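First residue of the sequence shown: 1395, per the working numbering; consecutive thereafter.
Positions of the beta carbon are idealized from the N, C-alpha and C atoms, including for glycine.
No experiment lies behind these values; they were computed from the predicted model shown.
Data block below; observations after.
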Amino acid sequence: MDAAALNAWMHEFARLIAENTAKLTELDSAIGDGDHGFNMDRGLKAVVQALDDEPPDTPSALFKRVGMTLISKVGGASGPLYGTAFLRMSAAADTSVDGPGFAKVLRAGLDGVVARGKCVAGDKTMYDALAPAVDALDAGLAEGKDFPAALQAAVDAATAGRDATVPMAARKGRASYLGERSAGHADPGATSVTLLLVAAAATLTD
1395 MDAAALNAWM
1405 HEFARLIAEN
1415 TAKLTELDSA
1425 IGDGDHGFNM
1435 DRGLKAVVQA
1445 LDDEPPDTPS
1455 ALFKRVGMTL
1465 ISKVGGASGP
1475 LYGTAFLRMS
1485 AAADTSVDGP
1495 GFAKVLRAGL
1505 DGVVARGKCV
1515 AGDKTMYDAL
1525 APAVDALDAG
1535 LAEGKDFPAA
1545 LQAAVDAATA
1555 GRDATVPMAA
1565 RKGRASYLGE
1575 RSAGHADPGA
1585 TSVTLLLVAA
1595 AATLTD
């Protein structure tokens, strides 16, 4: 996977966010500020513009551009969390990224989310989708699966993690103020991070 392939991944992520902005807004309106969909859509549109204006020539440069753009353009907690994830991914990326390299990059992104958000499993955050996805990708590659199969396992794990947030009571962020009333809705961050994995599976497995 070179910078062009990863660029395509970001474009597809932006497309999926745009397509699901209303859904993300609905989820965040139920348990948060109601701005996750709008903020992510605005941020990803800015990412696409930044990548189109001057396409980065290395994976590291691309992830850094994405991270810096999200930090500057996305409000609330999502900008710092996603931005930190991509900046950590930038630091972990090699000149080109193979299957194990992508797993390393994604693990670094997860570590960034943990460092920034101080989140753990069951807090009802993006971690609840991203951590299982990273673990599933590592496990699939360790078991000898090819990259497309391992990445699909990551998508399935992210989807299951997202769905598992529905009955949870939030312990982090604005949603935590609602206590048990935050149960009954999927976490918007877990939902958007699942779209990130879906976009990867759609663009990085050829």
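Distance CB(residue i)-CB(residue j) smaller than 9 Å
i     : j     : result
L1456 : A1397 : yes
A1525 : A1533 : no
K1417 : A1440 : no
A1544 : L1531 : yes
V1491 : M1395 : yes
D1505 : R1482 : yes
Other residues of its chain near residue i: CB distance less than 7 Å, five sequence neighbours each side excluded
i     : result
L1591 : A1527, A1548, V1549, A1552
N1401 : L1445, P1449, L1456
R1375 : Outside the modelled stretch of the chain, which goes from 1395 to 1600, sits residue 1375, for which no answer is possible.
F1432 : T1415, T1419
G1469 : D1429, N1433
T1452 : A1397, T1489
Y1571 : Bear in mind that a pLDDT of 41 at Y1571, under 50, signals an unreliable position, so the model cannot answer this.
Q1443 : none
A1487 : P1453, S1454, F1457, V1499
A1558 : D1522
Cβ-based burial, residue i [other Cβ within 10 Å; buried from 16]
i     : result
A1512 : It should be noted that the sequence gives Lys, not Ala, for residue 1512. It counts as exposed.
E1406 : buried
R1575 : For R1575, the pLDDT reaches just 47, beneath the cut-off of 50, and the residue's location in the model is therefore unreliable, leaving the point undetermined.
A1536 : exposed
T1585 : buried
V1499 : buried
P1582 : buried
G1493 : buried
Same chain only: Cβ atoms within 6 Å of residue i, ignoring 5 sequence neighbours per side
i     : result
A1424 : H1579
L1410 : L1589, A1593
Supposed contact pair residue j and residue i - C-beta distance, whole angstroms, cut 8 Å
i     : j     : result
T1597 : P1542 : Rounded, the Cβ-Cβ distance is 11 Å, inconsistent with contact.
Length at least 4, wholly inside the stretch 1448–1489: the alpha helix (DSSP H) runs in chain order: 1453–1467, 1472–1486
Which runs of the alpha helix (DSSP H), 4 residues or longer, sit entirely within the stretch 1574–1600? 1582–1597
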